[in-house]
Amino acid sequence: ELQEERSRAEGDHQDLRPLRNRLRNCVEAEAKAAEEPLHEVLAASEGLFRRRASDLTHQIRDLRQELRLAKEGERTLRRSVSARSHALQGLLHRAALSGLALPQCGP
Numbered sequence: 872e873l874q875e876e877r878s879r880a881e882g883d884h885q886d887l888r889p890l891r892n893r894l895r896n897c898v899e900a901e902a903k904a905a906e907e908p909l910h911e912v913l914a915a916s917e918g919l920f921r922r923r924a925s926d927l928t929h930q931i932r933d934l935r936q937e938l939r940l941a942k943e944g945e946r947t948l949r950r951s952v953s954a955r956s957h958a959l960q961g962l963l964h965r966a967a968l969s970g971l972a973l974p975q976c977g978p
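The sequence shown begins at 872 in my numbering and counts up by one.
Here's what the structure looks like:
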């Protein structure tokens, strides 16, 4: 039973073999290219990471500002639609009632 379970487990890992080979090749290539001192590589990667984090922070700030402006525009548009709707209702109401107004004679 143990042998069968082991062969099944190994069979599940067969589909990972190409990824393992690619990883091994990348590690070997990095080891060959490791002529630069490790601290320089780490410093460069840290700089890139900080730059990316800074870019994302700026992007978030810009998106928040854009969202705020969009909300303000939506609020303004809703107020305008509401005001126009009320004005149109009043106009239609007065027009409908104007035909019902009878002229009065006397006090």
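Ideal placement from N, C-alpha and C gives every residue a C-beta, glycine not left out.
If you're wondering where the values come from, they're calculated on a predicted model, not measured in any experiment.
DSSP state of residue i mapped onto helix, strand, coil
| i | result |
| --- | --- |
| Q975 | coil |
| G970 | coil |
Length-filtered (3 minimum) beta strand (DSSP E) runs lying within the stretch 940-969: Entirely contained in the stretch 940-969, not one beta strand (DSSP E) run reaches 3 residues.
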